[in-house]
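In what follows, a structure is listed as structure tokens, so that the remarks can point back to it.
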Amino acid sequence: MRKNIVAGNWKMNTTLQEGVALAKEVNAALEGVQPKCDVIICVPFTHLASVNDVIDANKLGLGAENCADHASGAYTGEISAAMVASTGAKYVILGHSERRQYYGETSETLKEKVALAFENGLTPIFCIGEVLEERENGTYFDVVKAQIESALFHLSAEDFGRIILAYEPVWAIGTGKTATDDQAQEMHAFIRGVIADKYGKEVADNTSILYGGSCKPTNAAALFAKPDVDGGLIGGAALKADSFMGIVNAF
Ligand code: PGA
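So the working numbering is basically just the index in the sequence shown, starting at one, shifted up by 348.
Shown next, in the form of structure tokens:
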């Protein structure tokens, strides 16, 4: 059966020293406890190797926030999936709305990134979600379905089964305006149905679908109680060990 997962997305926050300190705090908070979910932190590239050195990989997973759409070569400033994997990281967030919006990521580039992540043994945390206008004009189901189809439905069932999905309505990210637990459940159930139509019920039932967008200790329990919400991708609230652990403990 699918896993419950709480993953932090630190975005472009914390210096190396602050990030290592935060990772240590989260790691210490997990010592001696058995959370009812897998716990992952996705951190800036510059922090990966150092954070990997201070966490217990059996308790706390480590991921990057992106990787390049090429394997290696003359791409100044880019970080490849192989480089990410060489730090000890096991996960990579792909297709975050901020990357789609500000860095022009398309389904075509994301296909390459997913392939390279797999080649290097990384598990993609693949983000999808509609913008406010699409929520308001009622096209949000179509938009999310198209995002999944165009970037992921060329995959074999086996490969698709290695993906973690994160539904992040863009209007809820960093705005303090969370989707209601019913809105999240409605979309997550829809996504699971889209997967079932393509790959069958077993693959759909085994896919973890996280919710992201202003998830906090105060609303996490209600969101996670929904049958198709398998955890969260946490931005702002992942930057303090207390609030991140408050969300982990919401399961
Ligand atoms: P937020 O970000 O929790 O700060 O809204 C979530 C995300 O973008 O992954």
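We put the beta carbon where it would ideally sit given N, CA and C, even for glycine.
Look at V440 here: in three-state DSSP terms it is strand. Counting only the Cα atoms, S562 lies some 18 Å from D576. In the structure shown, the three-state DSSP call for Y559 is strand.
Remark: the C-beta of A537 is outside contact range of the ligand PGA, defined as less than 8 Å to any heavy atom. Rounded to the nearest angstrom, the Cβ distance from A570 to I595 is 12 Å, too far for a contact under 8 Å. In terms of side-chain proximity, the C-beta atom of S591 is found no nearer than 8 Å to any non-hydrogen atom of the ligand PGA. For V551, no beta strand (DSSP E) encloses it; the enclosing alpha helix (DSSP H) starts and ends at K549 to N554. According to the DSSP secondary-structure assignment, N357 is paired through a beta bridge with C390.
Within 8 Å of the C-beta of N567 there is not a single heavy atom belonging to the ligand PGA. When Cβ pairs closer than 8 Å are counted between the two stretches, the segment 368 to 376 is seen not to touch the segment 419 to 430, the count staying below three. Straight through space, the alpha carbons of A589 and E460 are spaced by roughly 34 Å.
Annotation: the continuous alpha helix (DSSP H) that includes Y450 extends over S445 to Y450.
For the set V551, D404 and D529, the Cα lying nearest the Cα of G579 is the one of D529.
Residue range T471 to I476 is occupied by the beta strand (DSSP E) that includes T471. With fewer than 16 other Cβ atoms from the protein chains shown falling within 10 Å of its own Cβ, A494 counts as exposed.
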